[in-house]
Each structure stands twice: as C-alpha cells, then as structure tokens.
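Undergrad: My questions will all concern the structure given below.
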Amino acid sequence: MAGPATDSGSSAESTYRSARIPLLVPTWVMIGVFLVLPVALMAVYSFLTKEMRGGVIWEFSLAAYDQFFVNRGLFGDEPASLEWTYINVFARSIAQAGIATVLCLLIGFPTAWFIATRPPETRGVWLFLITVPYWVNLLIRTVSLRFLIRENGPLNDALMGAGVISQPLALINTDFAVQLGLFYSYLPFMVLPVYAAVERYNFTWSEAAADLYASRWVVLREIVLPIVKPGIIAGCLLVFIPSLGAFLAPNLLGGAKSFMIGSLIDEQFKKSLGNWPFGAAVSMILMSLVLILLLLYARSTARQERP
Amino acid sequence: MTNAVEIRTVTKVFGTFTALHGVSLSIQDNEFFTLLGPSGCGKTTLLRMMAGFEEVTQGEILLFGQNIAALEPNQRPVNTVFQQYALFPHMSVIDNVAFGLKMKGWPLEKRRIRAGEMLEMVHLSDFANRAPAQLSGGQQQRVALARALAPQPKVLLLDEPLSALDLKLRQAMRMELKQLQSETGITFIFVTHDQEEALTMSNRIAVMSAGHVQQIGTPRDIYESPNNRFVADFIGETNLIEVEVEAVADGQAQVVLPGGHRITTSSAARDKGRHHLSIRPERVTLGSPGVGLQAVVEQVIYLGTDLQVLVRLEGGTAMQVRLQNAARITVPSPGDAVGLHLEEGAARLLSD
C-alpha cells in the first residue's frame with residue numbers, strides 16, 4: 001500500500017510543475033515582444049537593401065556594414081581601405097559618454113552620500129526633489145538648457161551683469177554644451193543606485209577602520225568605496241550606456257563637430273535621405289560594443305571573487 | 001604608577017540632553033574594568049569618547065598620563081570591539097584581523113603571521129579565508145576580538161560585545177575574555193548592562209545610571225556593600241525596607257525595622273533619620289518562631305536550584321528569602337510562622 005504522504009507529496013509537486021508553465025507565460029511574452037523581437041528585427045533589417053525614400057527592399061545585402069567599415073573613395077572606384085568616419089563618431093561618443101559618467105560620479109556620489117546620511121524621515125524628501133525635473137519631458141528640458149546658455153540667454157546676461165565677463169561666452173553648439181546636456185539628463189541615474197548602496201552601508205565599518213588606525217582618506221579608499229562599489233558600477237552603466245546612444249543633447253546643444261552615435265542613427269530613420277539598413281547596422285554595432293564591455297566587466301569581477 | 005585611563009569630570013551634552021554629568025574615574029593598567037548600567041546611563045557614550053568617536057563637551061580624558069582630546073580615533077592607541085562586530089564584509093577573516101597591522105605599516109609577511117597567531121588564539125585558524133558572513137555570531141565575535149587585539153593596543157574597549165550571542169555562548173565567551181585579558185595583560189574596558197557578566201569578569205566595576213557614576217568597586221564591594229538604592233537594586237536581587245536610624249558612627253548603624261525589631265548593620269548612610277535598608281534574600285535563613293525577626297510564610301516558589309520564599313514581617317513589610325534547594329532544608333509551607341535570621345553581612349544601610 002502506498003503511503004498517503006508520498007502520494008500527496010508527488011501530486012503536490014506535479015501540481016506545482018503544471019502551474020509553473022502558465023505562470024511563466026507573462027515573462028516569456030515580455031522578453032519576446034520587448035527584447036527578442038525588436039533586436040531580431042533590427043538585426044534582420046541591417047542585412048537588407050535600402051529603399052531610396054526610407055524603408056527596405058527584402059533582399060540580402062552587406063552594404064550597410066560595408067558603408068560603415070570600408071572606404072572605397074568618393075566614387076567607389078578606389079582600393080578598399082578602413083573607413084574612419086564612423087569609427088571616429090564612435091570614439092568621440094565613447095569619450096563624451098565617459099566624461100559624462102565621470103562628472104555624474106563626481107557630483108552624484110557626494111549627493112547620494114548627503115541624502116543617505118540625512119535622518120530617515122527627510123531622505124524621502126531629498127529623493128523626491130531629485131526626481132522632480134523628470135516630470136518634464138526630456139526634449140523640453142534640453143531645449144530649456146539651450147535657451148539658458150545661448151549667446152544672449154540668462155546665463156550670459158547674468159555673468160555680464162555681474163561683471164565676470166565682458167563678451168558673451170560661446171557655449172551653445174560646443175562639446176561643452178553636449179556634456180552639460182548629458183550630465184544634466186543622466187545625473188539621477190547615478191544618484192539613485194549609489195544612494196541605495198550607501199544607504200545600506202553600516203557607518204560602524206568606518207568607525208572600526210578609523211579605530212584600527214586608518215585615516216579618513218584610507219577609510220574611503222579601503223572600506224567605503226569597495227563596499228558601495230556595486231552601486232557605483234550600476235550608476236556608471238546607467239549613465240554611460242544611454243549617454244553613448246543619446247541624440248537629443250548632441251542634436252539640440254551641440255554643433256556639427258559634436259555629432260554622436262545617437263544622432264547618426266537618428267538621421268538614418270528621420271530624413272528622406274535616411275538609410276534604414278545602415279541605421280540598423282550602426283545600432284547593432286553599438287549594441288555589440290556595449291555587450292562586449294559588459295562581458296569584459298563581468299569576467300573581471302568573476303575573476304576577483306575567486307579566492 | 002600612572003593609570004591606564006583617567007577620566008576627569010567629563011561632561012557630554014547632546015543638544016539639550018546631558019548624557020554624562022561630570023564623571024570621574026581611574027582605570028589601572030592591566031585591569032579588567034567594567035562600566036555597568038541600564039541602557040541610556042551614558043556608559044557607551046563614555047566608551048566612545050575614549051575611542052574618539054564622540055567629542056568631550058567638558059573635562060578631560062588621559063591615556064597613560066597623556067590628554068587625548070586632540071587625537072583622532074586613528075591616532076589613539078586603543079582598539080574597540082563593537083557590539084555588532086562591524087567586520088569588513090568585503091575582506092576575508094584574516095584580512096580583517098590584519099587590517100590594523102596593515103594600517104600601522106607592517107610588511108605583508110609579518111602581518112600574515114601575526115594575524116594567524118591571533119586567529120589561533122581565538123580558535124579560528126581554519127576559518128582564515130572565509131568571508132565574515134559565512135561565520136556564526138560567536139565566531140564573528142571572536143574575529144572582532146582578534147582584529148582589535150592584533151595591533152596590541154594599550155587599552156581594549158569592548159562595547160557590549162556579548163549581547164548578541166545566545167546564553168550558552170555568552171557564558172563560554174566570558175571565561176575566554178577573562179582569560180585573554182590575563183594572558184595579554186592589556187587593560188580591558190568592558191561596557192555591559194548585564195550584571196552577571198560584570199560580576200564574573202571584572203576586577204572592578206563602575207555602576208552608572210542617568211549620566212552619573214553611582215559606585216566604583218570590586219564585584220564583592222558592589223554586591224555586598226552597595227552605597228545606594230540604585231546599586232543595591234540593580235545588582236542582584238534585594239529587599240529594600242524603609243527603616244528608622246537611631247545611631248550611626250564609623251560605618252555602623254543601629255536601625256529599627258518596621259516591626260520594632262532593632263539590628264546593627266554596616267552603613268553607607270552618615271546621618272540619622274529615615275533610610276533604606278538592603279537585605280540580600282540569600283543571606284537570610286528561616287528558623288523556628290520566637291527567635292529573630294517574626295514573620296509568616298505567604299508563598300513558596302520552586303526555582304530549581306533555589307526556593308523563593310515570600311514572607312510578611314511583623315508590622316506588615318513583605319520580604320523575599322532565597323533558600324538553596326539542598327537536601328538538608330525543611331521546605332516551609334504557606335501560613336507557617338517562622339523566625340528570620342540575618343546572616344553576617346545580609347543587611348546594609350543605604351545612603352538614600
């Protein structure tokens with residue numbers, strides 16, 4: 001005779017198993033519709049032939065990648081060499097995004113620290129204030145920034161009124177303006193994860209380190225930074241990745257020389273001269289680059305964690 | 001000889017709250033000294049001021065004769081064992097123990113060896129490469145101890161280090177701490193609210209309450225000759241009985257109990273009038289009625305090792321008596337008339 005306990009046990013397990021599949025459906029749908037499908041679509045489009053007024057012809061072609069990497073001269077009749085135009089756009093974008101990340105860290109870390117060390121009942125107010133600007137659309141905010149720093153805008157007026165400068169500063173349409181835009185747009189993405197990490201930090205650790213003869217600077221370097229590192233990494237990724245693909249700040253604040261990857265992709269889909277397969281190919285290359293960087297990071301931390 | 005620590009009329013004010021009111025005490029070198037008191041009495045504040053985590057509002061703290069007010073925590077030759085251990089979560093056990101040595105500039109090889117010795121001392125050699133989170137509470141506590149002792153501080157500060165452990169472990173750690181102190185010869189300053197801990201480990205105890213030191217003395221002094229009601233009541237169990245003092249001289253007093261019975265007792269009080277008498281329940285024996293203090297048994301509570309007998313004295317005062325649960329005793333029953341005999345040192349007249 002089979003024991004009743006065994007019976008009910010196995011039936012409970014099979015019930016659990018059969019219930020698992022329908023419960024997973026929403027996740028699969030989410031991942032499929034919002035992740036796999038768009039990326040797959042983009043991958044496919046990057047290998048199609050362009051239609052002259054936007055759109056694609058369903059015919060396999062490597063033209064998009066060829067345009068990105070290979071230079072055959074203005075009329076296509078010279079020997080093939082490496083095309084630097086787009087690689088330079090990438091390099092400049094990486095530099096811009098890198099600087100924006102460092103700036104956000106330099107300002108965001110002390111800000112997060114400040115909020116996390118307030119009494120618990122006032123922390124919520126500070127976090128709320130950080131998010132308030134985000135109730136306004138990013139486009140509007142970027143345009144406002146353009147207005148603020150233009151030649152006869154409020155910033156230059158104020159500086160000239162105060163006698164700090166005699167000529168208006170040419171801020172608009174410079175790399176500086178793009179940098180300001182990126183910094184302003186993505187600062188909260190640094191503050192929030194760093195705040196979450198610092199909030200969990202136990203300040204007795206700092207006391208223990210100071211008690212064991214560590215100076216303030218050493219406490220920061222040896223104790224605080226390693227412990228809150230996951231928050232800093234998360235913040236850096238959340239600033240760096242969208243900055244790399246940003247197009248509003250370079251389009252609205254930068255000049256012709258401040259062209260970034262985001263603007264390049266944007267152009268391919270927006271204008272009648274656009275090239276959908278090329279835009280898709282640039283997106284694929286950008287995504288691969290980000291993935292490679294993430295994998296390198298993951299491998300370096302995995303190596304560190306081995307004893 | 002200079003004292004290890006000298007606290008001179010130290011006051012600490014937090015905003016509008018005064019945590020310490022002009023506290024003075026001296027701690028000798030190689031002493032196991034305990035600051036004992038209920039939460040909020042200022043004992044942890046005093047310890048944190050010695051470590052340098054809190055500034056002294058008024059007064060001074062001397063360490064081996066040197067005023068340490070101007071020194072940052074990292075410049076003071078004292079180390080702390082924290083209540084919640086505060087082990088660095090991103091470092092292995094051995095790196096935690098070696099941290100203070102690293103900060104003092106010891107070379108890698110030397111500090112590895114010394115940290116290894118410290119781990120051996122606390123019986124955790126096998127756990128050197130573990131992360132702190134992989135250890136039990138008791139093990140983490142021992143790592144914290146090894147970490148604080150590794151740089152050979154002149155004074156070790158312990159902030160309720162056993163309070164997070166369960167009872168059995170706490171008792172075992174008491175013995176270990178006491179032994180470590182005598183082996184290393186380092187002055188231990190131990191903060192606790194647990195009177196049993198204080199009595200079993202300390203050379204001397206300072207009993208604190210509401211920002212004042214109530215009494216300083218050996219465990220025996222504190223327990224057997226409490227000065228005031230707070231100390232008598234906080235340390236162990238006692239009967240506090242209001243009495244009339246007839247005569248007092250040279251630390252001895254003649255008092256009248258509520259029932260009219262007169263006894264002579266050691267005294268912390270210096271004047272006549274109404275004072276409180278402390279009578280330790282285990283120093284009282286029950287005899288036949290007619291001899292000693294007359295009382296009636298009201299209740300007998302069985303406690304295993306002891307029996308707690310609640311009696312009412314002539315004159316209506318309630319008292320408790322502790323009898324050891326030995327084979328020779330006769331267990332009284334409620335309603336029995338008994339005569340109480342106060343043993344030598346059972347009673348002490350308090351100053352308030």
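Protein sequences appear in the order of chains D and X. Mapping the first sequence onto our numbering, position 10 (from 1) lands on 10, and the numbers just tick up by one. Mapping the second sequence onto our numbering, position 53 (from 1) lands on 53, and the numbers just tick up by one. For each residue, glycine too, the CB sits at the ideal point set by N, CA and C.
#1: With a cut-off of 8 Å on the beta carbons, I'd call Pro258 of chain X and Val300 of chain X a contact; round off their distance for me.
#2: Quick one: what's Phe190 of chain X bridged to in DSSP?
#3: In terms of alpha-carbon separation, which member of D:Arg17, D:Ser263 and D:Ile107 lies closest to Pro188 of chain D?
#4: What residues match up with Ser266 of chain X in a beta bridge as DSSP calls it?
#5: Beta carbon of Asn228 of chain X, beta carbon of Gln214 of chain X: below 8 Å?
#6: Is the Cβ-Cβ distance between Leu138 of chain D and Ser93 of chain D less than 8 Å?
#7: Pull up the distance between the alpha-carbon of Gly153 of chain D and that of Phe34 of chain D, whole angstroms please.
#8: With DSSP run on the structure shown, which of helix, strand or coil describes Lys104 of chain X?
#9: Give a yes or no on whether 8 Å exceeds the smallest Cβ distance from Ile227 of chain D to chain X.
#10: Does the beta carbon of Leu148 of chain D sit closer than 8 Å to a beta carbon anywhere in chain X?
#11: Can you list, in chain order, the residues of its chain with a C-beta nearer than 7 Å to that of Ser18 of chain D? Leave out the 5 residues immediately preceding and following it.
#12: Express the C-alpha separation of Val224 of chain D and Ala2 of chain D in angstroms, rounding to a whole number.
#13: My parser needs the alpha helix (DSSP H) runs of 4 or more residues fully inside the stretch 255-296 of chain D; what are they?
#14: Determine the contact status of Ser243 of chain D and Asn251 of chain D, defining contact as a CB-CB distance below 8 Å.
#15: Helix, strand or coil for Glu237 of chain X, going by three-state DSSP, please let me know.
#16: Would the stretch 117-126 of chain D and the stretch 235-242 of chain D be scored as touching if the rule is three or more Cβ pairs under 8 Å?
#17: Pop quiz: Val284 of chain X and Leu340 of chain X are said to be a contact at Cβ under 8 Å. What is the actual Cβ separation, rounded to whole angstroms?
#18: Over the uninterrupted beta strand (DSSP E) stretch that includes Gln308 of chain X, give me the two end residues.
#19: Would you mind telling me which residues of chain X sit closer than 9 Å to Ser144 of chain D, beta carbon to beta carbon, in chain order?
#20: Show which residues of chain D have a CB atom less than 9 Å away from the CB atom of Thr45 of chain X.
#21: Between Gly260 of chain X and the rest of its own chain, which residues show a CB-CB distance below 8 Å, the 5 nearest in sequence each way excluded?
#22: Report the residue from D:Val282, D:Asn275, D:Phe269 and D:Ala177 whose alpha carbon sits nearest the alpha carbon of Gln256 of chain D.
#23: What are the residues of the stretch 117-134 of chain D that lie near chain X, defined by any Cβ-Cβ distance shorter than 7 Å?
#24: When you compare only the Cα positions, how much space is there between Glu109 of chain X and Phe188 of chain X?
#25: Name the residue from X:Phe33, X:Ser209 and X:Ala4 whose alpha carbon lies nearest to the alpha carbon of Ala219 of chain X.
#26: Are the beta-carbon atoms belonging to Met121 of chain X and Val218 of chain D less than 8 Å from one another?
#27: Against Phe88 of chain X, what residues of chain D qualify as contacts under a CB-to-CB distance less than 7 Å, listed in chain order?
#28: Answer yes or no: does any C-beta atom of chain X fall closer than 8 Å to that of Ser215 of chain D?
#29: For Tyr45 of chain D, name the three-state secondary structure that DSSP assigns.
#30: At the 8 Å Cβ level, is Ala210 of chain D part of the contact set with chain X, yes or no?
#31: Among D:Ala97, D:Glu151, D:Val39 and D:Val194, which residue has its Cα nearest to the Cα of Ser166 of chain D?
#32: Can you tell me whether Asn129 of chain X is buried or exposed? The criterion is at least 16 other CB atoms within 10 Å of its CB, across all chains shown.
#33: With a 10 Å radius around its C-beta and 16 neighbouring C-beta atoms as the bar for buried, classify Ile7 of chain X as buried or exposed.
#34: Got a sec? Which residues, its chain only, sit under 7 Å from Phe127 of chain X by beta carbon, not counting five neighbours each side?
#35: Could you give the C-beta distance for Val311 of chain X and Val291 of chain X, rounded to a whole number, given that I count them as a contact under 8 Å?
#36: In chain D, what lies closer than 8 Å to Pro73 of chain X by C-beta?
TA: Inspection of the coordinates gives the following:
#1: Wrong, their Cβ atoms sit about 23 Å apart, outside the cutoff.
#2: Partner(s): X:Thr34 and X:Leu158.
#3: D:Ile107
#4: For Ser266 of chain X, which the question treats as bridged, DSSP gives the partners X:Gln252 and X:Arg348.
#5: yes
#6: no
#7: About 42 Å.
#8: coil
#9: yes
#10: no
#11: none
#12: Its pLDDT being 43, under 50, Ala2 of chain D is placed unreliably by the model, and nothing is read from it.
#13: 261-270
#14: no
#15: coil
#16: no
#17: 5 Å
#18: Asp306 to Leu313
#19: Per Cβ cutoff of 9 Å: no residues; Ser144 of chain D is ~42 Å from chain X at best.
#20: Within chain D, no residue comes near Thr45 of chain X; the closest Cβ sits about 14 Å away, beyond 9 Å.
#21: Glu314 and Gly315
#22: The amino acid occupying residue 256 of chain D in the given sequence is Ala; Gln does not appear at that position. Nearest of D:Val282, D:Asn275, D:Phe269 and D:Ala177 to Ala256 of chain D, Cα basis: D:Ala177.
#23: none
#24: Between Glu109 of chain X and Phe188 of chain X, the C-alpha separation is close to 28 Å.
#25: The residue asked about is misnamed: residue 219 of chain X is Pro in this sequence, not Ala. Of the listed residues, the one whose Cα sits closest to Pro219 of chain X is X:Phe33.
#26: no
#27: Trp205 and Ile223
#28: yes
#29: In the structure shown, Tyr45 of chain D sits in a helix (DSSP, three-state: H, G or I).
#30: yes
#31: Of D:Ala97, D:Glu151, D:Val39 and D:Val194, the residue nearest in Cα terms is D:Glu151.
#32: exposed
#33: buried
#34: The residues are Val93, Leu135 and Gln139.
#35: About 15 Å; that fails the 8 Å criterion.
#36: Ordered by position in chain D, the residues that pass the 8 Å Cβ test against Pro73 of chain X are Glu207, Ala210 and Asp211.
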